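What follows is a short report on a single structure.
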Amino acid sequence: MAARDRQLTSPQGLSLIGKLRLLFKFLFLAPPQLLLNILRCYTLALRRGISLRFWLKCAYFRLGFGLLSPRELQFIQPSTAAMYQSWLRRAQSKALAASRSGKDSDEKKAQAVFLASRLAVDIEILPDGKSSLLWIGDRKRAKKFVLFFHGGGYVVPAIRGHFEWCARAYLLSSQNVKSGGAEEGEEIAVAFLQYALSPDATYPMQLQQAVDALFHILRMGTSPMNLIIGGDSAGGNLVAQLLSHILHPHPEVKGVTIPEPLAGAFLVSPWLSAKTHWFGYKRNGGIDMFDKNMIITHAPGVLGDVAKYDAEMAAGKGWSFPMDLPNVEGWFAGLETVVRNVYITAGEQECFVDQCVGFAEAVKHGNPGMPVRLEVSRNEAHDWILMEAEHGVEGDATKRMKAWIREAFWPQSSS
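Here the sequence shown is numbered in this note's numbering, starting from 25 and rising by one per residue.
The structure is reproduced here in structure tokens:
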């Protein structure tokens with residue numbers, strides 16, 4: 025399985041020259057660049073009077089995106105499936121130890137008992153053989169489901185924090201957690217999509233894989249009202265692609281018809297524009313984990329055929345990057361027939377902030393009867409809930425997500 029996962033992530037690997045080039049970058053280019061990133065991030069955070077938490081990790085991510093090519097990033101990172109299995113073994117062990125400890129509070133112990141009984145490796149290969157669903161939680165016991173699309177610019181596999189986030193925010197939002205899973209109550213399982221990465225896979229392959237994942241979950245007998253789709257960064261882009269496709273079928277992708285709207289959709293710091301004219305790049309390009317030059321470098325490789333993107337935009341078709349359309353509101357008009365509830369989060373310190381705000385406003389205006397929640401946090405940059413999960417903490421972004429997920433799945437209990 026591990027060899028196959030590595031092949032799906034980076035089939036060509038690196039040549040000897042490529043490995044030597046990567047070694048040179050690590051030895052001579054990375055140290056001064058990392059130091060510069062750290063100094064710049066902390067200086068701007070101090071100057072703006074915001075929390076200093078997590079900026080070191082942000083500087084590391086900026087180094088990776090700015091210095092390394094997609095092939096190099098995939099060479100040094102485990103595949104999404106390999107990371108899932110590694111995280112799950114560690115999470116299982118930690119939960120078992122905590123469930124037997126007498127040091128934690130009753131609430132923490134109940135959570136540990138629940139996780140210890142629900143975490144097990146469960147991988148389902150999707151029809152194309154290049155994508156799969158990695159399950160977090162017990163899909164046979166669950167009544168509610170989250171279909172999750174990870175971020176990473178379509179070039180980086182999922183990291184440990186993605187899985188930790190899903191366990192903390194979704195699995196532990198199940199109704200029967202307080203009893204350790206012993207009592208009645210609806211519980212949540214997460215279907216984590218491992219999709220093919222760029223440059224080997226380009227738009228719209230990931231959209232087709234997302235459609236395959238959606239069909240698979242619906243064929244399990246899941247009602248759309250018991251399913252939420254969501255993702256971060258590029259994963260947020262994939263959420264927008266999937267919603268767009270259900271509204272306006274893409275000619276190269278299998279069509280989707282659902283009998284009723286999905287329970288909800290969340291987009292965390294979504295990447296919604298291939299253009300870099302946004303003010304967020306100017307204001308936050310020095311403090312966020314990426315800047316406009318990284319977008320200029322990576323976007324063409326993700327699209328594959330830039331001429332196709334240009335033609336779609338000229339025709340008013342916003343599947344790939346909807347915020348590049350002249351009429352975003354019109355494109356998403358009628359979204360309330362596809363999804364009941366939309367949640368968008370962004371950090372005030374991130375480059376995508378004005379894209380996210382503009383998207384939320386367009387969706388609101390085009391769907392006046394649908395709840396659309398936008399949260400922009402002053403202390404956060406890009407994808408801050410992922411930063412919390414990487415550090416193993418349940419911070420403000422995670423708590424806000426848990427509150428929304430419970431409200432979306434169980435609105436009567438939340439009111």
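Positions of the beta carbon are idealized from the N, C-alpha and C atoms, including for glycine.
As the structure is a computational prediction, the values presented were derived from the model and not from experiment.
Nearest CA to the CA of residue i: which residue from the options?
i, options, result
"isoleucine 368", "Leu157, Gly254, Gly340 and Pro283", "Gly254"
"serine 222", "Lys167, Lys426, Lys154 and Pro350", "Lys154"
"isoleucine 212", "Arg86, Met394 and Lys164", "Lys164"
"valine 377", "Leu359, Glu404, Asn391 and Pro395", "Glu404"
"methionine 229", "Tyr178, Asp312 and Gly419", "Tyr178"
"glycine 209", "Ala234, Ala215, Cys190 and Lys168", "Lys168"
"alanine 54", "Ala323, Phe89 and Arg71", "Phe89"
"tyrosine 84", "Pro56, Ser103 and Met107", "Pro56"
"glutamate 374", "Ser257, Pro346, Arg397 and Ile241", "Ser257"
"isoleucine 320", "Gln109, Ser93, Pro350 and Leu267", "Ser93"
"leucine 38", "Leu251, Lys306, Val366 and Glu96", "Glu96"
"proline 285", "Asn317, Gly358, Asp224 and Trp302", "Gly358"
"valine 396", "Phe50, Arg124, Gln218 and Gly288", "Gly288"
"glycine 175", "Arg142, Phe52, Ala220 and Pro435", "Ala220"
Is it buried or exposed for residue i, if we count other Cβ within 10 angstroms and need 16 for buried?
i, result
"aspartate 128", "exposed"
"arginine 364", "buried"
"proline 275", "exposed"
"phenylalanine 9", "The displayed coordinates of the chain run from 25 to 439. Any statement about residue 9 would go beyond what the structure contains."
"proline 6", "There is simply no residue 6 to check, as the chain begins at 25 and stops at 439 in what is shown."
"valine 201", "buried"
"threonine 104", "buried"
"valine 263", "buried"
"valine 387", "buried"
"threonine 422", "buried"
"glycine 371", "buried"
For residue i, which three-state DSSP category applies?
i, result
"serine 123", "helix"
"tyrosine 367", "strand"
"arginine 165", "coil"
"leucine 217", "strand"
"phenylalanine 78", "coil"
"leucine 158", "strand"
"isoleucine 147", "strand"
"aspartate 256", "strand"
"alanine 287", "coil"
"leucine 46", "helix"
"valine 330", "helix"
"leucine 251", "strand"
"valine 362", "coil"
My assumption, with CB atoms under 8 Å, is that residue i sits in contact with residue j. Please give the rounded CB distance.
i, j, result
"glycine 185", "leucine 410", "5 Å"
"glycine 310", "arginine 64", "5 Å"
"glutamate 353", "serine 344", "About 18 Å; that fails the 8 Å criterion."
"leucine 296", "methionine 347", "4 Å"
"alanine 234", "alanine 215", "Rounded, the Cβ-Cβ distance is 11 Å, inconsistent with contact."
Checklist line | Length-filtered (4 minimum) alpha helix (DSSP H) runs lying within the stretch 172-244 | finding: Inside the stretch 172-244, DSSP marks whole alpha helix (DSSP H) runs of 4 or more residues at positions 184-193 and 229-243, from first to last along the chain.
Checklist line | Every unbroken beta strand (DSSP E) within the stretch 366-434, with a cutoff of 3 residues, ordered by chain | finding: Fully contained in the stretch 366-434 are the following beta strand (DSSP E) runs of length 3 or more, in chain order: 366-371 and 396-401.
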